[in-house]
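Asks: Handing you this structure, nothing more for now.
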Amino acid sequence: MRRFLTYLSGLVVALVAPTTLQAKDEQMLDLANARGCFICHQVAADNGGGKPLGPSYQEVAVRYRDDQQAFDQLLDRVIHGTAYRDQKWEGKVAMRFMPPNVNVSREEAAALVRWIIDMDVDQKTVERLQRHDNMLRLSSLSGCNICHRVEPVTESRVVPLAPS
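This is how it looks when you write it as structure tokens:
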């Protein structure tokens, strides 16, 4: 009986954990999209084109994974931008600096930074997130996201130009 309960609890964890992780990914992807992060960043690096505007989230995750000060540094960069600071991605991205993000609260920025740092970089996730990036890039290149958002934003300091 004890062995059966151990097996059953392991099975429940195995079935629930991926769903929870995927739900967290979706929540963070929606937040990043709503706050304009995908204008410059992608989740996975795209080696097919020229220099990206900003580094991909996976590149950031790999670079800062073992850095104990990464969370505080990245949180500060997301909120205040990187103008007049040491540019960590110089020569690798097209943007000279990251502008301050006035559309994101400190709590939202902290959640995004924690998600990026803790991001699991496996091939299945990469493929799923690349499809998501491609869809967002298409809407950006088409100009749709100038006026429209993917998800309605109920709390924002910026009033959307058109409905979601």
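Read in order, the letters of the sequence shown are residues -23 to -1, 1 to 141 in mature numbering (1 follows the signal peptide of the UniProt record, and there is no 0). Every residue gets a Cβ at the ideal spot worked out from N, C-alpha and C, and that includes glycine.
Considering only C-alpha positions, which residue in the set V39, M112, K69, A47 is nearest to L30?
Replies: That would be K69, whose Cα lies nearest to the Cα of L30.
Asks: Around the C-beta of S33, are 16 or more other C-beta atoms found within 10 angstroms, so that it is buried, or is it exposed?
Replies: S33 comes out buried.
Asks: Of the choices G120, M72, V55, whose alpha-carbon is the least far from that of G27?
Replies: Here the closest residue by C-alpha is M72.
Asks: Rounded to whole angstroms, what's the CA-CA distance from D53 to N10? Just pull it up for me.
Replies: Looking at the two C-alpha atoms, the distance is approximately 20 Å.
Asks: Starting from F56, follow the alpha helix (DSSP H) in both directions and report where the run begins and ends.
Replies: Looking at the sequence shown, residue 56 is not Phe but Ile. Looking at the DSSP string, the run of the alpha helix (DSSP H) that includes I56 is 47 to 57.
Asks: Exposed or buried, M112, counting other C-beta atoms within 10 Å across all chains shown (16 or more means buried)?
Replies: Its Cβ having fewer than 16 others within 10 Å, M112 is exposed.
Asks: In three-state terms, what does DSSP make of C14?
Replies: Here C14 sits in helix by DSSP.
Asks: Can you give the Cα-Cα distance for R42 and R91, rounded to whole angstroms?
Replies: Those two C-alpha atoms are separated by around 11 Å.
Asks: Relative to the alpha-carbon of P77, which residue among A87, I93, V55 has its alpha-carbon at the smallest distance?
Replies: When only C-alpha atoms are compared, the closest one is V55.
Asks: Using the rule of at least 16 other Cβ atoms within 10 Å of the residue's Cβ for burial, across every protein chain shown, is E84 buried or exposed?
Replies: That one is exposed.
Asks: Among the candidates D23, D49, Q64, whose CA atom is the shortest distance from the CA of A87?
Replies: Of the candidates D23, D49, Q64, the one whose C-alpha sits nearest the C-alpha of A87 is D49.
Asks: Quick one: using the 10 Å Cβ neighbour count with 16 as the cut-off for buried, is A60 buried or exposed?
Replies: With fewer than 16 Cβ atoms within 10 Å of its Cβ, A60 is classed as exposed.
Asks: For the alpha helix (DSSP H) that contains L89, what are its first and last residues?
Replies: Start and end: 83 to 94.
Asks: Residues in its own chain within less than 8 Å of A38 by CB, not counting five upstream and five downstream?
Replies: Around A38: I93, I94, D95, M96, V98.
Asks: Could you name the residues of the same chain whose beta carbon sits closer than 6 Å to that of L(-3), not counting the 5 residues immediately before and after it, in chain order?
Replies: Any reading at L(-3) must be qualified, since the residue scores a pLDDT of 49, below 50, and its modelled position is unreliable; no value is offered.
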